[in-house]
Amino acid sequence: MSDTYTLFKRRFERRALARLIDEKYNSLYGFSRDIGVANYRVQDWFLNGKKPSPKTVVRICEVLRCSVDEIAPKLDAPALPNKKSEIYLGRARYFQTGRA
């Protein structure tokens, strides 16, 4: 399963979202109620490194009256391709040596 933020070449900014929430709301509970997401999910975004879905980001921007670029700005550099681990490359070399 690929990361949708990587797919769209964006990065989720927790600090920017926290700043926008602080400007408008006194608590995360009121914010989570307005966007229609459970409170524990909003806490996961800040504490456990989870990311909201793209549909949720759009709802957040509607509620906070901000642009998507403020919460999930575009990456300047192109996305890096996935690297194979050194262990995997070593195994491949081992099994390919001496074979036709």
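For the sequence shown, the positions run 11 to 110 when our numbering is used.
C-beta atoms are modelled at their ideal positions from N, C-alpha and C, and glycine is treated no differently.
Open item on the list: Within 10 Å of its beta-carbon, does residue 57 have 16 or more other beta-carbons around it, so buried, or fewer, so exposed?
Closed with: exposed
Task: Span of the alpha helix (DSSP H) around residue 49 - done: 49–57
Open item on the list: Which residues does DSSP list as the beta-bridge partners of residue 7?
Closed with: For the chain, the structure presents residues 11 to 110; residue 7 sits outside this window and is missing.
- [ ] With residue 71 as the anchor, note down where its alpha helix (DSSP H) starts and where it stops.
- [x] 64–74
Open item on the list: Here's a check: name, in chain order, each residue in its chain whose Cβ is nearer than 7 Å to the Cβ of residue 11, leaving out the five neighbours to either side.
Closed with: A caution first: residue 11 carries a pLDDT of 39, below 50, which makes its placement in the model unreliable, though a value can still be read off. The answer is none, since no qualifying residue turns up.
Task: Buried versus exposed call for residue 67 [16 or more other C-beta atoms within 10 Å across all chains shown] - done: buried
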